[in-house]
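Undergrad: Residue numbers (the working numbering): 130 to 288. All C-beta atoms in this analysis are idealised placements derived from N, C-alpha and C, irrespective of residue type, glycine included. Quick one: structure below, then a few questions.
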């Protein structure tokens with residue numbers, strides 16, 4: 130039995146990759162700009178994390194049964210991942226926005242005659258914190274619905 134015969138693994142990976150691909154045209158639809166970085170970026174619609182864990186849970190449910198310990202494990206871990214995507218990761222992204230705004234405001238309003246300070250500022254490599262880390266609830270729900278649908282559709286292809 131090869132890796133490609135592992136229906137739950139294929140379902141989860143397919144959901145993750147295709148959800149990332151879907152982000153590109155959806156971003157264009159909502160923002161009228163192509164952003165190819167969306168394929169490897171975090172955040173956005175749909176949540177690839179949610180899609181992956183729900184496709185995995187769907188596949189495990191089909192393969193092992195809804196009353197199996199494997200299905201229970203997949204569901205619980207999936208819920209933790211989706212909660213984390215909406216909660217902790219999203220709040221970290223919001224904090225990154227605030228920190229980046231503070232740094233920009235500080236840089237724009239600083240007035241000093243200290244040449245040593247100016248040289249240190251120039252040498253300091255400016256790197257903005259990543260702001261798009263987590264998901265809004267609708268993005269998580271969209272990813273979850275997509276993952277469940279894909280997990281079910283792939284079951285028909287496998288069996």
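With a Cβ-Cβ cutoff of 8 Å, do residue 174 and residue 155 count as a contact?
TA: Here residue 174 refers to the residue found at position 45 of the chain shown. Here residue 155 refers to the residue found at position 26 of the chain shown. Yes, these two residues count as a Cβ contact at 8 Å.
Undergrad: Just checking, does the stretch 196–211 make contact with the stretch 158–174 on the three C-beta pairs under 8 Å criterion?
TA: Not touching, per the Cβ criterion.
Undergrad: With contact counted as at least three CB pairs below 8 Å, one residue from each stretch, are the stretch 222–237 and the stretch 275–284 in contact?
TA: As far as the Cβ criterion goes, the stretch 222–237 does not touch the stretch 275–284, which means the pair count is below three.
Undergrad: For the candidate residues 193, 214, 163, 185, whose alpha-carbon lies nearest to that of residue 265?
TA: If you number the chain shown from 1, residue 265 lands on position 136. Per the Cα distances, 214.
Undergrad: Which residues in the same chain have their Cβ closer than 6 Å to the Cβ of residue 177, if we skip the five residues on either side of it in sequence?
TA: Taking the first residue of the chain shown as 1, we reach residue 177 at position 48. Taken in chain order, the residues that qualify are 145, 148, 149.
Undergrad: Buried or exposed for residue 143, going by 16 or more other Cβ atoms inside 10 Å?
TA: Translated into the one-based positions of the chain shown, residue 143 becomes position 14. Residue 143 should be labelled buried.
Undergrad: Whole angstroms is fine: what's the gap from residue 132's alpha carbon to residue 288's?
TA: By one-based count along the chain shown, residue 132 stands at place 3. By one-based count along the chain shown, residue 288 stands at place 159. So the alpha carbons of these two residues sit roughly 16 Å apart.
Undergrad: Count the other CB atoms, across all protein chains shown, that sit within 10 Å of the CB of residue 231; report buried if there are 16 or more and exposed otherwise.
TA: To locate residue 231, count along the chain shown from 1; it is residue 102. Residue 231 is exposed by the Cβ-count criterion.
Undergrad: Roughly how many whole angstroms lie between the Cα atoms of residue 209 and residue 217?
TA: Stepping through the chain shown from its first residue, residue 209 is reached at position 80. Stepping through the chain shown from its first residue, residue 217 is reached at position 88. Their backbone Cα atoms lie some 11 Å apart in a straight line.
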